Amino acid sequence: MVKVAHVQLSSCCGCLVSLADTYEQLLDVLGAIDLVYSQTLADVREIPDDVDIVLLEGSVCLSDHHAMEVALESRKKGKILVALGACAASGNITRFSKGNQMSKPVHDSFAPLTEVVKCDLAIPGCPPSPESIVAVVLAALNGDMEYLEPYAELAKYGSEACGCDLIVKVINKSLCMGCGSCAAACPTRAVSMDAGRPLVDKEICIKCGACSVQCPRIRFPELIEKIE
Amino acid sequence: MDPFGKYIKAVSARAADKEILKKAQDGGIVSAAYIYGLENGLLDGVIIADKEDGFAAAPKVATTREEILNAAGTKYTVCPNLSVVKSAVREYGCDKLGFVGTPCQVRSIRKAIKYPVGYRHVPDKIALIMGIFCMENFPYNGMKAIVEEHCGIKMDDVVKTDIGKGKFWVYSKWGDVKTIPLKDTHPYEQGSCHVCMDYTAELADISTGSVGSPDGWSTIFVRTAKGEEYLNKMVEAGALETKEIDAVKPGLGLVEKLALTKKEKNGKEVEHRKEIGLPVPY
Ligand SMILES: Cc1cc2nc3c(=O)[nH]c(=O)nc-3n(C[C@H](O)[C@H](O)[C@H](O)COP(=O)(O)OP(=O)(O)OC[C@H]3O[C@@H](n4cnc5c(N)ncnc54)[C@H](O)[C@@H]3O)c2cc1C
Ligand code: SF4
Ligand code: SF4
Ligand code: SF4
Chain A
1 MVKVAHVQLS SCCGCLVSLA DTYEQLLDVL GAIDLVYSQT LADVREIPDD
51 VDIVLLEGSV CLSDHHAMEV ALESRKKGKI LVALGACAAS GNITRFSKGN
101 QMSKPVHDSF APLTEVVKCD LAIPGCPPSP ESIVAVVLAA LNGDMEYLEP
151 YAELAKYGSE ACGCDLIVKV INKSLCMGCG SCAAACPTRA VSMDAGRPLV
201 DKEICIKCGA CSVQCPRIRF PELIEKIE
Chain B
1 MDPFGKYIKA VSARAADKEI LKKAQDGGIV SAAYIYGLEN GLLDGVIIAD
51 KEDGFAAAPK VATTREEILN AAGTKYTVCP NLSVVKSAVR EYGCDKLGFV
101 GTPCQVRSIR KAIKYPVGYR HVPDKIALIM GIFCMENFPY NGMKAIVEEH
151 CGIKMDDVVK TDIGKGKFWV YSKWGDVKTI PLKDTHPYEQ GSCHVCMDYT
201 AELADISTGS VGSPDGWSTI FVRTAKGEEY LNKMVEAGAL ETKEIDAVKP
251 GLGLVEKLAL TKKEKNGKEV EHRKEIGLPV PY
């Protein structure tokens, strides 16, 4: 049985809801795994040693030693550490946190997990779709490294993902052909299509990274070509 | 180089319904498949590139025959069909969605299905992916320059545009037919089309285009089991008239020639971009 832990730092539980929102697919996943730790779903106080997959949701508050310890502990105990969701992958909305909130006014510096410890995989999106979580967990269970490669790259290089990617990496590079995939992917509707190109409203973008991850002109893994 | 990608079979076909044929670009394959799907419960909503004022295009979710017929025909300008896919599922409640797009858009939707990070509850709702052949596309103002400046027809007066016989054709509602040689339209193409290596929508369930078949007919590639089942149902129900592709002129030879031309030309552009350090889709 593959041991999986769900760990949460600074986040809203949305990724957990997404994990739970997999309907019958959850049974496939849960049937294949042993959920050894999840503060919401399981009554366990300590992350056990030797977890196969740690799904960590949320960003890390650098001014909170407890959060730093949990991040390090997750890295140490998980064979595969997955930055689950945009807060862990790229900072997401917590990038805008400047502290001074009650009841923790000194909590003022939030970094995505990928910038604090080495992550093996990162699934952006706010929240990531249930389908993508299931696909990543199943691929990790099956050792399908080809499928996981884009998620591994995001864990390494994706911590600044943001709507600006569309301008900088796609439109400015003469790669955008106007499919609209980014606009559909955006959970906040920050992306609209104007004259066949995405227009990003920076006031609304929360830096979840879904738009650029979805763009086929940045990354188009070869295995997508295999259709039946 | 493989010109067409994987396919199960190729045929030449046209819609049996005369009204579809009157409004459609070529053999009316896309409109016929959509209408057949909606009327027979195979689809409950479809994405179309709707005609807007000034012969502009805008993606729309359609659920009726009328909407599909109003949107029939090719607009040679970018129409972000994927941008409405999620609202088709969320707002229109579609469970069985039909999608049409240029080869690049078909690639986008395949990516959204395989890597659905921002596509919650969408992958299992896509019931049919149709692709249309494509050599290049134009930004709206590029198409406008071709139509208004080169052909002297106002965008508001355009009823149809077409590419064929080496020319770009514009038909006005006053009955004018104007053309310019295709080579004069190249400066107006969108640059991103020049790294595109797909002519026949290689990842669609069913691909269609005019090239290879006689006027008023279309060439079809059936690529997946799903596409084959769908097309067989349409043929059995009499919604499509088909002919062996080998029995029509000019046939697959011309499609192959054009597909390879595109791949060779754009393959060079991809190499050139790599040389000068520009990114390419990978
Ligand atoms: C930019 C472009 C370039 C093309 N180049 C070629 C070519 O080189 N060779 C070739 O054989 N065929 C080409 N085609 C395809 C051809 O013009 C017809 O669209 C195709 O044969 C379908 O005709 P039909 O009669 O079956 O479809 P119809 O029943 O007329 O339906 C066509 C469908 O296509 C959709 N559509 C129209 N314009 C667009 C658009 N811009 N983007 C996305 N969807 C759209 C409409 O929603 C409509 O549902 C091209 C099409 C486009 C959009
Ligand atoms: S534009 Fe939208 S999808 Fe892209 S990073 Fe911002 S919020 Fe996310
Ligand atoms: S997904 Fe990429 S190619 Fe498609 S419209 Fe957005 S930026 Fe352009
Ligand atoms: S040439 Fe390629 S990129 Fe350009 S519109 Fe056609 S399919 Fe899309």
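Which chain is which? The protein sequence lines are A and B, in order. Terminal number for the first sequence in full-length UniProt numbering: 228, no gaps in between. Terminal number for the second sequence in full-length UniProt numbering: 282, no gaps in between. In this text, a Cβ means the ideal position worked out from N, Cα and C, and glycines have one as well. Please read these numbers as outputs of a predicted model, since none were measured by experiment.
Here the segment 245-259 of chain B lies against the segment 208-225 of chain B, with 3 or more beta-carbon pairs under 8 Å apart. Interface with chain B (7 Å Cβ-Cβ cutoff): Ala83 (chain A) is excluded. Relative to ligand 1, the beta carbon of Val30 (chain B) is positioned inside 6 Å of a heavy atom. Nearest CB-CB separation between Pro3 (chain B) and chain A: not below the 7 Å threshold. Under the 8 Å Cβ criterion, the segment 139-149 of chain B counts as touching the segment 70-86 of chain B, having at least three qualifying pairs. Taking 7 Å as the cut-off, the Cβ atoms of Ile146 (chain B) and Tyr188 (chain B) count as close. Contact of Gln25 (chain B) with chain A is not assigned, every C-beta pair being separated by 7 Å or more. Contact between Arg273 (chain B) and Val195 (chain B) holds: their C-beta atoms lie close to 7 Å from each other, under 8 Å.
For Lys156 (chain A), the uninterrupted alpha helix (DSSP H) segment begins and ends at Met145 to Tyr157. The continuous stretches of beta strand (DSSP E) do not include Pro130 (chain A), which lies in the alpha helix (DSSP H) extending over residues Pro130 to Asn142. Between the alpha carbons of Ile47 (chain B) and Lys23 (chain B) lies a distance of about 17 Å. Ile206 (chain A) sits away from Ala140 (chain A), with the two beta carbons spaced by 7 Å or more.
When only Cα atoms are considered, Leu231 (chain B) and Leu97 (chain B) end up about 16 Å apart.
Segment contact: the segment 196-206 of chain B against the segment 119-135 of chain B, three or more CB-CB distances shorter than 8 Å; contact assigned.
Annotation: Cβ neighbours of Lys173 (chain A) in chain B (cutoff 8 Å, chain order): Leu278 and Pro279.
What Leu82 (chain B) touches in chain A, judged by beta-carbon distance under 8 Å, is Cys179, Gly180, Ser181, Ala183 and Ala184, going in chain order. Residue contact with chain A for Cys94 (chain B): absent (no Cβ-Cβ distance below 7 Å to any residue of chain A).
Secondary structure at Tyr37 (chain A): strand, using DSSP grouped into helix, strand and coil.
Using a CB distance below 9 Å, the part of the segment 188-202 of chain A facing chain B consists of Val191, Ser192, Met193, Ala195, Gly196, Arg197 and Pro198, ordered along the chain.
Assignment of beta-bridge partners to Leu128 (chain B) by DSSP yields B:Gly98. Under the 7 Å criterion on CB atoms, Ser90 (chain A) is classed as non-interfacial with respect to chain B. Remark: fewer than three beta-carbon pairs, one from each stretch, lie closer than 8 Å, so the segment 167-181 of chain A and the segment 94-111 of chain A are not flagged as touching. Secondary structure of Pro181 (chain B) (DSSP, three-state): strand. Identification of chain B residues near Glu153 (chain A) by a Cβ-Cβ cut-off of 7 Å yields none; the smallest Cβ-Cβ distance measures about 10 Å. At the C-beta level, Ala71 (chain B) and Asp44 (chain B) stay beyond 7 Å of one another. In the assembly as shown, Lys226 (chain A) is an exposed residue. Its beta-carbon has fewer than 16 other beta-carbons within 10 Å. At a cut-off of 7 Å between beta-carbon atoms, Cys134 (chain B) makes no contact with chain A.
Contact annotation, Ala71 (chain A) with Val116 (chain A): C-beta distance approximately 5 Å; criterion of less than 8 Å satisfied. In this model, Ser192 (chain B) and Arg197 (chain A) are separated by some 12 Å (Cα to Cα). Placement of the Cβ of Glu244 (chain B) at a distance of 6 Å or more from every heavy atom of ligand 4 is found. When distances are taken from the beta-carbon of Ala210 (chain A) to the heavy atoms of ligand 2, the shortest one is below 6 Å. Within the segment 32-54 of chain B, not one residue has a Cβ closer than 7 Å to any Cβ of chain A. Per DSSP, the continuous beta strand (DSSP E) segment holding Ala10 (chain B) begins and ends at Lys9 to Ala15. Pairing Cys186 (chain A) with Cys12 (chain A), the inter-Cα distance amounts to about 18 Å. Within the segment 199-238 of chain B, the runs of alpha helix (DSSP H) that reach at least 4 residues and sit entirely inside it are, in chain order, 225-236.
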